[in-house]
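Chains G and P, in that order, give the protein sequences. Sequential numbering of the first sequence, starting at 34, is according to this note's numbering. Sequential numbering of the second sequence, starting at 1156, is according to this note's numbering. Notes follow once the structure below has been shown.
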Amino acid sequence: MQLNILIVDDEQPICDLLKSFFELGGEYQVHVATDPLEALEIVKNQVIHIVLSDIMMPGMDGVALLKEIKQVDGLVQVIMMTAYSTVQRVIQCLRYGATDYIMKPFDDINDVKVIVDDTAKKIRRWKDLIVKSRELDVRV
Amino acid sequence: MNTDTLFQELAHIFPQPVMAVKGQSVVFLSEDAKALLGIKPHSAGGENCLLPYGLDVHFENTSSYHRFRDNFLDKLGFHSSTSTVYPFRKLDNEFFLARLRGKRLKDGEDADYILTVEDITGPEREYADIYARLKGAADETQKLKNSYRELLQAVNHGIVILKPDGTVLEVNDYIKRLVGDMPEGDLCYRLCKKLWADTFDGNCSFCRMKDALREGRAFRELVEDRNGNHWFFTWAPVMDSKGHVSTIIKTISEITPEMRLREKIALKDEFLYKIMETLPFGILIMDESGCIEYVNRTFARRWGLESRQMSGALMDELHIYDNSGFVQNIRDALSTGRDLKDIEYQYENSEGKVKILLCDFYALELSDGKRRGILIEADRTDSVLRRRRAESLARDLDREIQERNRAIIEQEKLAAVGRLAAGITHELNTPTTYVRGNLQLIGQYSDALDKEISRFVNASDSHEQSASRKKICGLTETIQNAGRSAFLGTERILNIIQSMRGFVRSDTEADNVINIYEPLRDSIVLTYNRIKRFGKVVLGGWEFDPENTASFIQGHCVLVKGSAQRLSQLFVILLNNSIDAWNHGEGASSLMGRLRVEIDVKGRDGRIHVIYRDNAGGIPKEIEERVFEPFFTTRSHEGGTGLGLSIARQIVKEHGGEITLENYPGRGVCWHISLVGKKEEQRFYAAKYPDRR
């Protein structure tokens, strides 16, 4: 089953890079937005499982976007990316419901994939659990 | 011989009327003399002939008789006969003019004189005129005598009239008031007692006066009495016809206004002289030729000399350290009649100490038509040395302040670099991220491509081969794109590094010739990371894009004289200010509002004008005037140093330019920066860098 990923970054090259990267394995359907408002629209109108979002963006802060997304759909897994990492910022993001946190620049792009894959595994497991619990419900 | 007979005989001898006089009495009158005098004929003789019609009666008064006796009778000799003309009065009070001729008789005779009397009035008018004139003169004399007496009392001087022996004949009321009643006696003694001293030693000014009087000399003396009053005496001996000497005493209180003025001037001169001698300033008075006429004690003491040793010397002979042409200046001022103020000069005194003097020079025209130079000097050694020390301290302090300012500016630069560093890190992060990522991606896609190629080679049928080719094409395209992206990323990194180099380069020389767009580009690139979060920059009508700066710079070139590094710093300050203002003002709360900075470059009147506008909200009106003040900041709590704009202005000044502010509170600001253009070098620059055009 393909999962839908939304990459939000004001830098087009980063978006392009991550899109190419996640499309290589064929496990993910990749959406791209360079503007937080555009990203919010996508989240509202399509089924998105994972959002990879930059924090420093013009117009709207990544943290603000995180809050907005969580209001639209609490189950969307949001992974934050940024170069400015302070403990407060990380705690703030996690408190608002971020799944994980990735530092830019990436030492190894595969690390990103590991985090995303982990999140994807979690989602798949939850989906399985939901399916199985529904089956149990039916049996009961 | 009978006396009468003798007289009868005499009467016959003389054809004229005859009279005989003994003592003061007429002892004989001839008949015709009787007729002349209005006396009845034949009544002569006996007592009738004597005093009743004696000469006393006929003269106007006793003094006339005396004059007659002194001037005429006494001069008659035994043999000579002298004539004189006298007015006689007849018994009926009719005057006639008589010419008298007479002769003196020997002692023991019955008469002393024989006189002939001739009436010369009547038809001889000239004699009558003479008489009238004489009469008038006598009246005049009397009048003069009376007025003299009045004058004597009326004058405001003491007047004493002395007899030749020194005793007092007459004094006026002034003297009476002065010394009280004046009984006969020695006036000098009395006056001395009254005015000077109880003792009278015979050598006082009064005695000297008395001697002068005796010798007929005039005498003047100013004397001070024991009460401290000054008396000015003028003894002017005047001998009148009776041999009396009148003298006048004048007191100082009664001197005339002119005299009083003269006295005052004399006093004032003395006063001034005393003041000049006691003043703590040196005073030197020189004549037109620069010859010293007078120096006061202070001046002389400064040179270790006596006043009189210095007068007569020339200015040039004073050993003044004349590096500044002091003496020549004084000479010039003296000859042109100028005043000089606050001239400083040095000299070495007799103890070998260098003194510093401050002086004023005045060229004065005096009433004698000659010019004098007056030099007034005060010892300013201490204060000058203090001042010099203070000046040197102030200079040191100034230098220290400048050094500190420079240090602060360096610090501010470092702080700016620090602020920039944060932005630049992110700015570098982004391209680094995708350069690395893309390189990894290329590796992974290469692996995938490799597998796909072997799959293509080993493909069993054309369908599989075709699908494989399609995949290979996709992979190749992705690899190509990733490569291009990585290359662009490195270019962006390079751009940032170049801008950074421009910013920290040490060429602070303000007379390099540079393209103004280069520091503008650098400063925008350096702050772009911050700017892009809030808005955009429009440079010369082009929306700034850090990817395409090279082509923009190639198309735009305006040369200015200046340092690229300093100008970058200037624009970074302005850009940071705009961002901070936006970030902390109304703009931050609005998600949709966008910061917009527009920068335009215009050449006008040989100068280059950079016009920088933003919409970041402007500056509150009340602090508008303080924005260039060092250390003035509204963001001290966020670490603002308040030096940004003061440094900006300094940078513009270094470039011979000006920065002015047009403020629109609530909207934005517009900075006008004018810089020195280099039109004449444009051609040279174009030839040197043809690719830039």
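Even for Gly, the Cβ is constructed at its ideal location relative to N, Cα and C.
Do you know offhand how far residue i's Cα is from residue j's?
| i | j | result |
| --- | --- | --- |
| Gly1823/P | Leu1675/P | 20 Å |
| Val1804/P | Gly1690/P | Here residue 1804/P is Arg; the residue named in the question, Val, does not match the sequence. About 26 Å. |
| Met34/G | Asn1732/P | 52 Å |
| Trp1697/P | Leu162/G | 56 Å |
| Asn1451/P | Gln1557/P | 49 Å |
| Arg1526/P | Arg1550/P | 44 Å |
| Ser1617/P | Val109/G | 44 Å |
| Ile1814/P | Val1807/P | 7 Å |
| Gly1467/P | Met1441/P | 9 Å |
| Ile1651/P | Ser1640/P | 17 Å |
| Leu1138/P | Ile1529/P | Chain P is shown only over 1156 to 1848; residue 1138/P falls outside these bounds and no answer can be derived. |
| Glu44/G | Thr67/G | 7 Å |
| Gln1599/P | Gly1592/P | 10 Å |
| Gly1816/P | Leu1830/P | Per the sequence shown, the amino acid found at residue 1816/P is Leu instead of Gly. In a straight line, the C-alpha of Leu1816/P is about 15 Å away from that of Leu1830/P. |
| Val105/G | Val76/G | 8 Å |
| Ser1538/P | Lys1496/P | 17 Å |
| Asp1755/P | Leu1694/P | 6 Å |
| Phe1426/P | Pro1435/P | 16 Å |
| Leu1521/P | Glu1295/P | 51 Å |
| Arg1254/P | Leu1299/P | 29 Å |
| Leu1252/P | Leu1270/P | 15 Å |
| Glu1186/P | Val1176/P | 16 Å |
| Ile1708/P | Thr1682/P | 18 Å |
| Leu70/G | Ile1774/P | 31 Å |
| Phe1227/P | Lys1258/P | 10 Å |
| Glu1646/P | Arg1688/P | 22 Å |
| Ile89/G | Gln121/G | Contrary to the premise, residue 89/G reads as Met rather than Ile in this sequence. Going from the Cα of Met89/G to the Cα of Gln121/G covers about 15 Å. |
| Tyr1268/P | Tyr1303/P | 38 Å |
| Gln1595/P | Gly1758/P | 50 Å |
| Gly130/G | Val149/G | 16 Å |
| Ile1420/P | Arg1541/P | 42 Å |
| Val1482/P | Val1782/P | 53 Å |
| Gly1524/P | Ile1314/P | 42 Å |
| Ile198/G | Gln1724/P | Missing from the structure shown is residue 198/G; chain G here goes from 34 to 173 and no further. |
| Arg1535/P | Lys1510/P | 8 Å |
| Ala1455/P | Ile1438/P | 9 Å |
Going by other Cβ atoms of all chains shown within 10 Å of its Cβ, with 16 needed for buried, is residue i buried or exposed?
| i | result |
| --- | --- |
| Asn1684/P | buried |
| Phe1183/P | buried |
| Glu1582/P | buried |
| Ala1188/P | buried |
| His1711/P | buried |
| Lys1423/P | exposed |
| His1167/P | exposed |
| Val1680/P | buried |
| Glu1448/P | exposed |
| Cys1628/P | exposed |
| Asp1677/P | buried |
| Asn78/G | exposed |
| Asn1584/P | buried |
Bridge partners of residue i, per DSSP?
| i | result |
| --- | --- |
| Leu1439/P | Val1450/P and Leu1530/P |
| Asn1818/P | Val1824/P |
| Leu1184/P | Met1174/P |
| Thr1433/P | Per DSSP, none; premise fails for Thr1433/P. |
| Cys1514/P | Ile1498/P and Glu1532/P |
| Arg1685/P | According to DSSP, Arg1685/P bridges with nothing at all. |
| Lys1691/P | Arg1751/P |
| Asp170/G | Bridge partners of Asp170/G: none, in fact. |
Nearest chain C C-beta to residue i closer than 7 Å, yes or no?
| i | result |
| --- | --- |
| Gly92/G | The displayed structure is made up of protein chains G and P, and chain C is not among them. |
Next item on the list: Closer than 8 Å, Cβ to Cβ, to anything on chain P: give me those residues from the stretch 43-64 of chain G, in chain order.
Entry: Asp43, Glu44, Pro46, Ile47, Asp49, Leu50, Leu51, Ser53, Phe54 and Leu57
Note to self: Quick check: the stretch 1750-1764 of chain P against the stretch 1706-1717 of chain P, are at least 3 beta-carbon pairs closer than 8 Å?
What the structure shows: yes
Next item on the list: Using a Cβ-Cβ cut-off of less than 9 Å, give me the residues of the stretch 127-145 of chain G that come near chain P, in sequence order.
Entry: Lys137, Pro138, Phe139, Asp140, Asp141, Ile142, Asn143 and Val145
Next item on the list: Would you check if the stretch 1720-1727 of chain P and the stretch 1698-1706 of chain P touch, i.e. whether three or more CB-CB distances between them fall below 8 Å?
Entry: No, the stretch 1698-1706 of chain P does not touch the stretch 1720-1727 of chain P.
Notebook entry, point to check: Name the residues in the stretch 146-158 of chain G whose C-beta lies less than 7 Å from a C-beta of chain P; which are they?
Noted result: Contacts with chain P (Cβ-Cβ distance below 7 Å) from the stretch 146-158 of chain G involve no residue at all.
Next item on the list: Below 7 Å between beta carbons is the criterion; list the residues of the stretch 1675-1704 of chain P that meet it against any residue of chain G, in chain order.
Entry: Lys1687, Arg1688 and Phe1689
Check: When Cβ atoms are compared, which residues of the stretch 1616-1647 of chain P fall closer than 8 Å to chain G?
Finding: Thr1633, Asn1636, Ala1637, Ser1640, Leu1643 and Gly1644
Next item on the list: Could you tell me whether the stretch 145-165 of chain G touches the stretch 1605-1613 of chain P, using the rule of 3 or more Cβ pairs below 8 Å?
Entry: no
Notebook entry, point to check: Residues in the stretch 1765-1778 of chain P with C-beta within 9 Å of chain G's C-beta atoms, listed in sequence order?
Noted result: Cβ contacts with chain G: none found.
Next item on the list: Anything in the stretch 1590-1610 of chain P with a Cβ closer than 8 Å to a Cβ of chain G? List those residues in chain order, please.
Entry: Arg1591, Gly1592, Asn1593, Gln1595, Leu1596, Gln1599, Tyr1600 and Ala1603
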